[in-house]
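Heads up: the sequence shown begins at 1 in the working numbering, then just goes up one per residue.
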Amino acid sequence: MNIGNFKIEDRVLIIAEIGSNHNGDFNTALRLIREAHKAGADAVKFQTYRAEKLIHKSEPALKLVKRRFKTQFERFKSLEFTYKQYKKLHAFTVSRGLLFVSTPFDEESVYMLEPFVWAYKIASGDIDNVPLLLAISKKAKPILLSTGMSTVDEIKTALQRLSKNIVILMHCISNYPCPDSEINLNSIAFLKKKFPKIPVGLSDHTVGITAPLGAVALGACTIEKHFTLDNTQPIGDHCLSLEPAEFKDMVNHIRRIEKMLGDFKKEPSNAELDMRKRLRRGLAASRDIRKGVNINSDMIIPLRPLRGIPVSQYEYIIGKKTMRNIKKGEFISYCDIAF
C-alpha cells in the first residue's frame, strides 16, 4: 500500500499533525513544516475548513479564547488559509521530501485540496458525514479514517462508502488531552482482527510519546501526533502536541522498535547460534572414569562451553559403557561411549 512514494509495508508512516497549531500565521506554518522535516516526520498534516461550513455563527467561543474571539466561528475563520497559501505550503512540503496531507471539513475544501494532498484524513467527528465521505471517495486517493467516538457499526458503514479507496483506520480517542486510562491501545489489535484487510494506525491525543510507541509495538502502521513549536500555548491543541525535540525523540524510538519487532517466527539468530556454543553445556567427567565402566550420574557434570556430548543427551548416555579411560574434567565425546 502506497501513499505517494511511501510504502506502508516498509516502515511506520509518521505524520506531524500541524492541524491549526500555526494559529493562522502562514510563516509559522512554513516553520512547522521545516521543523517537522528536521524531526524526522514522513508527512505533515493540516486541517482545512471554511468556517461558515463548519460551525454555527452564534456558537460561543471556548473559555481559553474568549478574550480574542466572541464565537467559535470567529476563531475558525482566523485559522483559514487560501488556495494560494495551500499551494505554497504544498510546494514547500514537497521540497523537503515530505508527504502533504490535510483533513477537509467540507466539500469545498475537498476540491481545493485535491491538487495538493497525497491523502485525505477524515476527522472522527465526520465519520458519519455522508456528503463529505462521498466527496472524498470520488477523489480516488488514500484515506486516513479516524474512529474516535465511533461504534463498530459506524466504522463499517463508513468503510462501505469508501470501499473503492485505500483506507487506513486510525484508532483515536476524542478527548483533548486524552488520559492514559482512556487511550485503550488494545483497540488497535481489536480493529486489526475486526477488519483484517485494512491497516490500522493511531491518531494520538495523549501527552508525551508513550502511546505512539506502544501502538507501534501493537502493530500500528501509521502514527499521527500533534506538532507545535511551543506546547505551553493555552489554546487549541498545543497542550497535547510535541515540540520538535520531543517529536524527534519519538521518531527515533519508533525506528528502534521497528528493528526490534522482527518477524513472526521463533528461531535462533546467527549471533545466538554462535553464543549457544558458549552458553550451552557439554557433559564432562566429574572424576576419573575407567574404560568399560557403565556411566552413572555421579560420574558426569554439565559444564560450559558446549563441547562433546550436549547436556540434552544426559539421559541417553546414562548406563552406557566407556570405550576408554576418561580423566576428570575431560569433555565426553560420542566416540568415548559404546552405543
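Backbone N, C-alpha and C fix where the C-beta goes; we use that ideal spot for every residue, glycine too.
Cβ shell of residue i (< 6 Å), same chain only, five flanking positions each side left out
{"i": "Q85", "result": "F26"}
{"i": "G4", "result": "L99 and W118"}
{"i": "A123", "result": "T103 and S146"}
{"i": "L79", "result": "S20 and G24"}
Whether residue i touches residue j by CB criterion (8 Å)
{"i": "E114", "j": "K87", "result": "no"}
{"i": "R11", "j": "E258", "result": "yes"}
{"i": "P199", "j": "M1", "result": "yes"}
{"i": "N184", "j": "I173", "result": "yes"}
{"i": "T93", "j": "I33", "result": "yes"}
{"i": "R50", "j": "D128", "result": "no"}
{"i": "L202", "j": "M170", "result": "yes"}
{"i": "L64", "j": "I188", "result": "no"}
{"i": "F227", "j": "A29", "result": "no"}
{"i": "I295", "j": "I318", "result": "yes"}
{"i": "V44", "j": "I18", "result": "yes"}
{"i": "P305", "j": "K277", "result": "yes"}
{"i": "R281", "j": "P268", "result": "no"}
Secondary structure of residue i, DSSP reduced to three states
{"i": "T103", "result": "strand"}
{"i": "P131", "result": "helix"}
{"i": "V167", "result": "strand"}
{"i": "Q233", "result": "coil"}
{"i": "F227", "result": "strand"}
{"i": "D263", "result": "coil"}
{"i": "P368", "result": "Residue 368 lies beyond the residue range present for the chain, which begins at 1 and ends at 339; the question has no answer from this structure."}
{"i": "F339", "result": "coil"}
{"i": "I18", "result": "strand"}
{"i": "A61", "result": "coil"}
{"i": "F331", "result": "strand"}
{"i": "I209", "result": "coil"}
{"i": "T28", "result": "helix"}
{"i": "A284", "result": "strand"}
{"i": "I222", "result": "Checking the sequence shown, residue 222 turns out to be Thr, not Ile. Here T222 sits in strand by DSSP."}
Beta-carbon proximity list for residue i, same chain, < 8 Å, skipping 5 on both sides
{"i": "D42", "result": "F6, L13, I14, I15, L98 and L99"}
{"i": "A215", "result": "H171, L185, I188, G201, L202, D204 and I223"}
{"i": "G219", "result": "I188, A189, K192 and V200"}
{"i": "D126", "result": "F105, L132 and L133"}
{"i": "N325", "result": "D288, I289, R290 and K291"}
{"i": "Y83", "result": "M112"}
Beta-ladder partner(s) of residue i, from DSSP
{"i": "N294", "result": "K321"}
{"i": "G201", "result": "M170"}
{"i": "L145", "result": "I122 and L169"}
{"i": "N2", "result": "K7"}
{"i": "A43", "result": "I15 and L99"}
{"i": "P268", "result": "DSSP, once it has assigned bridges, lists no residue as partnering P268."}
{"i": "I257", "result": "Note: I257 sits in no beta bridge, so no partner."}
{"i": "I350", "result": "Residue 350 lies beyond the residue range present for the chain, which begins at 1 and ends at 339; the question has no answer from this structure."}
{"i": "L242", "result": "F227"}
{"i": "T71", "result": "P60"}
{"i": "T48", "result": "P104"}
Backbone CA spacing between residue i and residue j [nearest angstrom]
{"i": "R255", "j": "K248", "result": "11 Å"}
{"i": "L89", "j": "D153", "result": "37 Å"}
{"i": "K197", "j": "L145", "result": "14 Å"}
{"i": "S163", "j": "K141", "result": "12 Å"}
{"i": "A61", "j": "L54", "result": "14 Å"}
{"i": "T157", "j": "P131", "result": "13 Å"}
{"i": "D298", "j": "D288", "result": "11 Å"}
{"i": "S102", "j": "S312", "result": "60 Å"}
{"i": "M112", "j": "R161", "result": "21 Å"}
{"i": "P104", "j": "S150", "result": "19 Å"}
{"i": "N186", "j": "I309", "result": "46 Å"}
{"i": "T48", "j": "D274", "result": "56 Å"}
{"i": "R307", "j": "L279", "result": "11 Å"}
{"i": "G262", "j": "F69", "result": "51 Å"}
{"i": "D237", "j": "A245", "result": "18 Å"}
{"i": "Y120", "j": "I143", "result": "5 Å"}
{"i": "Y334", "j": "V293", "result": "15 Å"}
{"i": "M260", "j": "C221", "result": "15 Å"}
{"i": "E315", "j": "N252", "result": "49 Å"}
Beta-carbon contacts of residue i that lie in its chain and below 7 Å, excluding the five residues immediately before and after
{"i": "G329", "result": "A284 and A285"}
{"i": "P177", "result": "H205, T206, V207, C239 and L240"}
{"i": "F76", "result": "Y49, A51, L54 and I55"}
{"i": "H390", "result": "Residue coverage of the chain in this structure runs from 1 to 339, which leaves residue 390 outside it and unanswerable."}
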